[in-house]
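In our numbering, the protein residues as written are 13 to 228.
Structure follows, in structure tokens:
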């Protein structure tokens, strides 16, 4: 989750990054890495555990967008659950979280800089687009709330993401989550998701009628 506070005297925004504890999957150390620190663990923004979430704060220059993700124990990744937007990463089936920082009015030495007329449109439209990108993955036979959370933590948040995901990647996610998830078979999930993404609900219902717990 992202919270923003634009500074009045500098062209900066104080961004608070937060990630629920369950998304960390038992990890010990979490850092925010992205465009603002060259995607480097050593330069990553260390997050502090506060109650049920990890939190970190950074001051970022306004007037641009930053891609980022959360890196756990320098080993595995998690996405922000409510980023401003999501963009494809260089890796198949994986998306980066995006924080949008529009131009903002600030005063420096008595001079006031005004935001360009087009900037407010970014603020209004981008968050809505990000929410629209998320689908209810529980509509896929075999996926429940917990598995949906696991998939979202790996950047799989829409039917389109799931349709493009490799079955081997899905199995890897389940195996990493613990032994109780190994009983799930994700073989049909991409096929179901493709039908859902295309709006072919009748065909999806017919397919799901042939499945039991997502299995053939």
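We treat Cβ as the ideally placed atom computed from N, Cα and C, and that holds for glycine. These figures come from a predicted structure and were not determined experimentally.
Assign residue 84 to buried or exposed, taking buried as 16 or more other Cβ atoms, counted over all protein chains shown, within 10 Å of its Cβ.
buried
Beta-carbon proximity list for residue 198, same chain, < 8 Å, skipping 5 on both sides:
154, 179, 182, 183, 186, 226
From which residue to which residue does the beta strand (DSSP E) around residue 229 run?
Given that the chain is displayed from residue 13 to residue 228, the structure contains no residue 229 and the question cannot be resolved.
Does DSSP put residue 43 in a helix, a strand or coil?
strand
Just checking residue 75 against the ligand HEM - is the residue's beta carbon closer than 8 Å to any of the ligand's heavy atoms?
As far as ligands go, the structure on display features none, and thus does not contain the ligand HEM.
CA-to-CA distance, residue 15 to residue 148, given in whole angstroms
24 Å
Where do the ends of the beta strand (DSSP E) carrying residue 77 lie?
76 to 84
Note down, in chain order, each residue of its chain lying with its Cβ closer than 6 Å to the Cβ of residue 215, except the 5 sequence neighbours on either side.
207
With DSSP run on the structure shown, which of helix, strand or coil describes residue 221?
helix
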